[in-house]
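Participant: Below: one structure in structure tokens.
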Amino acid sequence: MSKITCLPDNQFVEVDKTETILEALLAREIPHTNVCGGNAYCSTCRVMILDGIQNCSAPTSAERALAKKLDFPVHVRLACQTKVSGDVTIRRMVIDNDDIDIVEGQLSKDSIGNEKTVAILFAAIRGATNFDEVNFPYDIVYIMSRYFHGVNKVIKSYGGVTNNYMAGWFLSVFGLENTEMSAERAVWAGLEILEFVKLLNVRLEQLSYKPIKVSIGVHYGSVMLVSVDPANPNLVTPIGDAVNLVNRIETTNKKVGSEFLISESVYNQVKDKAKINRSYNMSPKEDAANYQTIYEVVGMNGEAPPKVVKIENSVPIKKRIFSFVQKFSSVWGKPK
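Numbered by our numbering, the letters in the sequence shown go through residues -14 to 321 in order.
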């Protein structure tokens, strides 16, 4: 008989060649999760083969279908479908309720999280470190609400998704669904954000607020997309060197006195349309010996790509006020 070394339990299980890994574990009272009862529907019995992959049986048709749906790597197998002909070392991957929540989200999205090449836009309000020191709380709420409301309209209109915020900065991803022209869309979005901020500053000046300054960086590269909320599997965050690089590109604006910088990978896709003011050499990492060229964008020639989400025409203010009163008048005057 063959032997299964099971982690993280640190148990050793003898297995007959006619048994699946799941059957062997359950027979030895190892509480291996199997929500669907071992029918290759749920993937909760998944295991990682750490050693002995050559001793595992070929995936069944049911396992192949689910593995394709979830984009499993070759060393992640379904215990309910896998038999062994020699010794293997496995790690059980679904141990508790939190793990089951994650699997449920993955099945809803048909993915465990994958590597993808996308365009990333990183924007920050300059001087945001002392923003709360020079403004009253109401001022901060008003200014930031107007700012985020406006830039979100722009990002969405070009097919971008924003899931990452902190203080005065945000990170948007282009190309999660429609990958066509994602780098170009990110550049057009960045330029439109700068124009929006100019108009916002006119409004802020009328209200005696100080203007805000925005710094933007765009990069095109490979990231790992990780779901951050099992209940909302479409809420993903990008992770990887590309995210760190776009952050460095954005912060370089302060050093060189620019507003909008793009990486070379973005420039290569928009160079026929982009209006470039200057280029700079930037180290992609601290103390790195190699440098890459980044470019200051001041405009784009030609027409922008078609908007993915059209920005609706503004409703007359009187009509908006009437609608607002209708919506909330029923709760006004009620005790809190």
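Where a beta carbon is used, it is the ideal one built from N, C-alpha and C, also for glycine. Small disclaimer: the values here were computed from a predicted structure and weren't measured.
Thinking Leu106 and Ile34 are a contact (beta carbons under 8 Å), I'd like their distance in whole angstroms, please.
Facilitator: Not a contact, Cβ separation roughly 39 Å.
Participant: With DSSP as the reference, label Asn253 as helix, strand or coil.
Facilitator: If DSSP states are grouped into helix, strand and coil, Asn253 belongs with the helices.
Participant: Secondary structure at Phe159, three-state DSSP: helix, strand or coil?
Facilitator: Note: Phe159 maps to strand in three-state DSSP.
Participant: Does the beta-carbon of His193 have 16 or more other beta-carbons within 10 angstroms, so that it is buried, or is it exposed?
Facilitator: One point to set straight first is that residue 193 is Ser, not His, in the sequence displayed. It is exposed - the Cβ of Ser193 has fewer than 16 other Cβ atoms within 10 Å.
Participant: Considering only their Cβ atoms, is the gap separating Asn148 from Leu230 smaller than 7 Å?
Facilitator: Contact: no.
Participant: Measuring CB to CB, does Ile110 end up less than 7 Å from Gly153?
Facilitator: Against a cut-off of 7 Å, the Cβ pair of Gly153 and Ile110 comes out as a contact.
Participant: Sort Arg77, Phe245, Gln66, Asp83 by Cα distance to Glu281 and report the nearest one.
Facilitator: Ranking the options by Cα distance to Glu281, first place goes to Phe245.
Participant: Report back the beta-carbon spacing between Tyr104 and Val251 to the nearest angstrom; my notes put them in contact at under 8 Å.
Facilitator: A small fix is needed here, since residue 104 is Ala in this sequence, not Tyr. The pair is a contact, with the Cβ atoms about 7 Å apart (cut-off 8 Å).
Participant: Between the C-alpha atoms of Leu(-8) and Arg76, what's the straight-line distance to the nearest angstrom?
Facilitator: Answer to the nearest angstrom: the Cα atoms are 5 Å apart.
Participant: Under a Cβ-count criterion, where at least 16 other Cβ atoms within 10 Å of its own Cβ denotes burial, should Lys256 be classed as buried or exposed?
Facilitator: Lys256 comes out exposed.
Participant: From what residue to what residue does the alpha helix (DSSP H) around Phe133 run?
Facilitator: Per DSSP, Phe133 belongs to the alpha helix (DSSP H) from 122 to 142.
Participant: Can you give, in chain order, each stretch of the alpha helix (DSSP H) that sits fully within the stretch 51 to 111 and has at least 4 residues?
Facilitator: DSSP runs (the alpha helix (DSSP H)) wholly in the stretch 51 to 111: 82 to 94.
Participant: According to DSSP, is Ile38 helix, strand or coil?
Facilitator: If DSSP states are grouped into helix, strand and coil, Ile38 belongs with the helices.
Participant: Along the chain, where does the alpha helix (DSSP H) that runs through Lys183 open and close?
Facilitator: Start and end: 167 to 191.
Participant: Is Val211 closer than 7 Å to Ala227 when the C-beta atoms are compared?
Facilitator: No, the pair does not count as a contact, with Cβ atoms beyond the cut-off.
Participant: When we look at the beta-carbon of Pro291 and count the other beta-carbons within 10 Å, is it buried (16 or more) or exposed?
Facilitator: Looking at its Cβ environment, which holds fewer than 16 other Cβ atoms inside 10 Å, Pro291 is exposed.
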